[in-house]
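**Q**
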Amino acid sequence: MSHDVQQVRSFEHPAKGRQIDPQAAEEIALLLGERPRRRDLLIEHLHLIQDTYHQISAAHLAALADEMKLALAEVFETATFYAHFDVVKEGEANIPPLTIRVCDSLTCAMLGAEKLLQELQNSAGPGIRVVRAPCVGRCDTAPAAEVGHHFVDHASVASVLAAAKGGDTHARLPDYVDYDAYAGAGGYGL
180 MSHDVQQVRS FEHPAKGRQI DPQAAEEIAL LLGERPRRRD LLIEHLHLIQ
230 DTYHQISAAH LAALADEMKL ALAEVFETAT FYAHFDVVKE GEANIPPLTI
280 RVCDSLTCAM LGAEKLLQEL QNSAGPGIRV VRAPCVGRCD TAPAAEVGHH
330 FVDHASVASV LAAAKGGDTH ARLPDYVDYD AYAGAGGYGL
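In my numbering, the protein residues as written are 180 to 369.
Below you can see the structure in the form of structure tokens.
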């Protein structure tokens, strides 16, 4: 029985035959900076690209896969699985800077989401993309829409467009009790 020691080679990702665009590679390297390139951070890195460029280009996907030494298919499948990642294929036009998502769950549909979607698509204007989105989990405030990352409950054309035109696109955190206040008020005291 031979006890030869085999060399373990690191995986060099060829991006599945796709040439890595040097500019995209540089942009991804600069964007990630000193952040670790671990597989479990893929979604965080995709969010970083989405938030910076308001979309994720095919060139950035390939560059990210190469930078993280992951298969391009794995990065592509992850990016296209989630509704908040806007993947732009080669040759497609860039996505407008603002996206409005209208929930198309059964509850939202029953409370007027389809009509809301059509009216917003007809009236949103340039620089705004209006798309349907899978359930956003706000059935108690249906119909729900999301302007950027800001949810508009009991959405109407007027309230959604007001948020869009007013730049109200960031998520709002509800008031909450932080740990120090919780512990100070006797939290964990049994």
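Each residue gets a CB set at the ideal place from its N, CA and C atoms; glycine is no exception.
Just checking, does the segment 216-236 make contact with the segment 248-257 on the three C-beta pairs under 8 angstroms criterion?
**A** These segments touch.
**Q** State the start and end residues of the unbroken beta strand (DSSP E) segment that holds residue 279.
**A** Taking the first residue of the sequence shown as position 1, residue 279 is located at position 100. That run of the beta strand (DSSP E) goes 277-282.
**Q** Output the distance between the C-alpha atoms of residue 274 and residue 316, rounded to the nearest integer angstrom.
**A** The count along the sequence shown starts at 1 and reaches residue 274 at position 95. The count along the sequence shown starts at 1 and reaches residue 316 at position 137. Taking the straight line joining both Cα atoms gives about 25 angstroms.
**Q** Taking 8 angstroms as the cut-off, decide whether the C-beta atoms of residue 277 and residue 255 are in contact.
**A** For the purposes of this step, residue 277 is taken as residue 98 along the sequence shown, with counting starting at 1. For the purposes of this step, residue 255 is taken as residue 76 along the sequence shown, with counting starting at 1. Taking 8 angstroms as the Cβ cut-off, residue 277 and residue 255 do not qualify as a contacting pair.
**Q** At which residues does the alpha helix (DSSP H) containing residue 356 begin and terminate?
**A** Numbered from its first residue, the sequence shown carries residue 356 at position 177. Segment: none, residue 356 is in no alpha helix (DSSP H) and carries neither H nor E.
**Q** What residue ranges within the segment 291-339 form continuous beta strand (DSSP E) runs of no fewer than 3 residues, ordered along the chain?
**A** Entirely contained in the segment 291-339, the beta strand (DSSP E) runs reaching 3 residues are, in chain order, 307-312, 324-326, 329-331.
**Q** Please report the straight-line C-alpha distance between residue 290 and residue 211, rounded to a whole angstrom.
**A** Looking up residue 290 in the sequence shown gives position 111. Looking up residue 211 in the sequence shown gives position 32. Spanning the two alpha carbons is a distance of roughly 42 angstroms.
**Q** Please report how far the alpha carbon of residue 187 lies from the alpha carbon of residue 365, in whole angstroms.
**A** One-based indexing of the sequence shown puts residue 187 at position 8. One-based indexing of the sequence shown puts residue 365 at position 186. In this prediction, residue 187 has a pLDDT of 45, which is less than 50 and means its spatial position is unreliable; what the coordinates show is noted afterwards. About 55 angstroms.
**Q** By DSSP, does residue 235 sit in helix, in strand, or in coil?
**A** The residue labelled residue 235 in the question sits at position 56 within the sequence shown. Correct three-state label for residue 235: strand.
**Q** Taking a contact to mean a Cβ-Cβ separation below 8 angstroms, would you say residue 323 touches residue 334 in this structure?
**A** Taking the first residue of the sequence shown as position 1, residue 323 is located at position 144. Taking the first residue of the sequence shown as position 1, residue 334 is located at position 155. Yes. Within cutoff.
**Q** Roughly how many whole angstroms lie between the Cα atoms of residue 286 and residue 321?
**A** The sequence position of residue 286 within the sequence shown is 107, counting from 1. The sequence position of residue 321 within the sequence shown is 142, counting from 1. Between residue 286 and residue 321, the C-alpha separation is close to 7 angstroms.
**Q** Taking residue 280 as the reference, give the member of 244, 235, 228, 340 with the closest Cα.
**A** For the purposes of this step, residue 280 is identified with residue 101 of the sequence shown, where counting begins at 1. Ranking 244, 235, 228, 340 by Cα distance to residue 280 puts 340 first.
**Q** Could you pull the start and end residues of the alpha helix (DSSP H) that residue 208 belongs to?
**A** If you number the sequence shown from 1, residue 208 lands on position 29. First-last of the alpha helix (DSSP H) with residue 208: 201-211.
**Q** How would you call residue 223, buried or exposed, if buried means at least 16 neighbouring beta carbons within 10 angstroms?
**A** Locating residue 223 in the sequence shown gives position 44, where the first residue counts as 1. Label assigned to residue 223: exposed.
**Q** Can you give me the start and stop residues for the alpha helix (DSSP H) that residue 260 sits inside?
**A** The residue labelled residue 260 in the question sits at position 81 within the sequence shown. Run containing residue 260: 251-260, per the alpha helix (DSSP H) assignment.
**Q** Out of 362, 338, 363, 260, point me to the one whose CA is closest to residue 348's CA.
**A** Reading the sequence shown from its first residue, position 169 is the one you call residue 348. Of 362, 338, 363, 260, the residue nearest in Cα terms is 338.
**Q** Should residue 359 go down as buried or exposed, given a rule of 16 or more other Cβ atoms within 10 Å for buried?
**A** The residue labelled residue 359 in the question sits at position 180 within the sequence shown. Answer is exposed; the Cβ neighbour count stays below 16.
**Q** Is it the case that the Cβ atoms of residue 296 and residue 308 are separated by a distance below 8 angstroms?
**A** Walking along the sequence shown from the start, residue 296 turns up at place 117. Walking along the sequence shown from the start, residue 308 turns up at place 129. Result no, Cβ atoms of residue 296 and residue 308 do not sit closer than 8 angstroms.
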